[in-house]
Amino acid sequence: MLKLVKYSEKHIKYLIEYLNNKNITEWLFVIPEPYTEEEANKWLQYCKDNEDKNENYLFAIEDDGEFTGGIGLHKKMEHCFDVGYWIAEKQWGKGYATEALKILTELAFGKFKIDRIQAFVFDGNIASGKVLEKCGYEYEGYLKKSHKKGEVFYNSKLYAKIN
Ligand SMILES: CC(C)(COP(=O)(O)OP(=O)(O)OC[C@H]1O[C@@H](n2cnc3c(N)ncnc32)[C@H](O)[C@@H]1OP(=O)(O)O)[C@@H](O)C(=O)NCCC(=O)NCCS
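Per the numbering used here, the sequence shown starts with residue 348, numbered consecutively.
Structure follows, in structure tokens:
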């Protein structure tokens, strides 16, 4: 059974294994490259620091206790949060991202009282667009140069779901 759980020390070695992967990081805005043990420890600390703040809701995704990826909500405005997620490449195509996003969306609109969740999907990320559509997110538009990593600009598709 798939569950969203708090990150803990047991996830560190898998974070390092799974996130040193361009096929994942090229689609994400904030993952450091290379992803070292120091980065993993910093991430854990960041998650702990955020536990009671209601600004970032950050979860490890586990299936029957096996770590398969990460998902989180990041505060943009009082009512509006960005969602981000990734799944270990060896586990792609099994529905994990869709299931995790459904669970988090329900939590967001219920327990966390969020009114709008949005996702920026870099041009070409077909799988992520499908995940969002399967979870009832609507395509709202195409944003040119919405993000910049280093010297490279990214265009993105904006998806959102409203409570
Ligand atoms: C995007 C990502 C999270 C999807 O995870 P996942 O667990 O494989 O997703 P799911 O299995 O729930 O759904 C993926 C859907 O995309 C489809 N898909 C995947 N690649 C595709 C492609 N190239 N063309 C068309 N459809 C594709 C799958 O068939 C599936 O749809 P289906 O259920 O209708 O068959 C995963 O690929 C990933 O971690 N990517 C890198 C990080 C990332 O992109 N994060 C999101 C940033 S916005």
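Backbone N, C-alpha and C fix where the C-beta goes; we use that ideal spot for every residue, glycine too.
Check                                                                                                                                  : Outcome
By the DSSP assignment, the alpha helix (DSSP H) with Lys458 in it spans what residues?                                                : Where Lys458 is concerned, there is no enclosing alpha helix (DSSP H), given that its DSSP letter is neither H nor E.
Among Lys437, Thr415, Cys427, Arg463, which residue has its Cα nearest to the Cα of Ala447?                                            : Thr415
Under DSSP, the alpha helix (DSSP H) around Ala387 begins and ends at which residues?                                                  : 384-396
Of the choices Phe376, Glu380, Ile408, whose alpha-carbon is the least far from that of Tyr354?                                        : Ile408
Using only the heavy atoms of ligand 1, determine whether one of them is closer than 7 Å to the beta carbon of Lys441.                 : yes
Are Leu420 and Asn403 closer than 8 Å when you measure CB to CB?                                                                       : yes
I think Glu386 touches Pro379, with their Cβ atoms under 8 Å apart; what is that distance to the nearest whole Å?                      : 5 Å
State buried or exposed for Tyr382, treating a residue as buried only when at least 16 other CB atoms are found within 10 Å of its CB. : buried
Can we say the region 461-476 touches the region 495-506, given the rule of at least three CB pairs closer than 8 Å?                   : yes
Distance check for Gln438 and Val501, CA to CA, integer angstroms please.                                                              : Checking the sequence shown, residue 501 turns out to be Tyr, not Val. Each residue's Cα considered, the two are about 26 Å apart.
Out of Gly476, Glu425, Tyr443, state which residue places its alpha-carbon closest to the alpha-carbon of Ala455.                      : Glu425
Give the DSSP bridge partners of Cys427, in chain order.                                                                               : Met424, Arg463
Skipping 5 residues on each side, what residues in its chain have a beta carbon closer than 6 Å to that of Gly431?                     : Gly419
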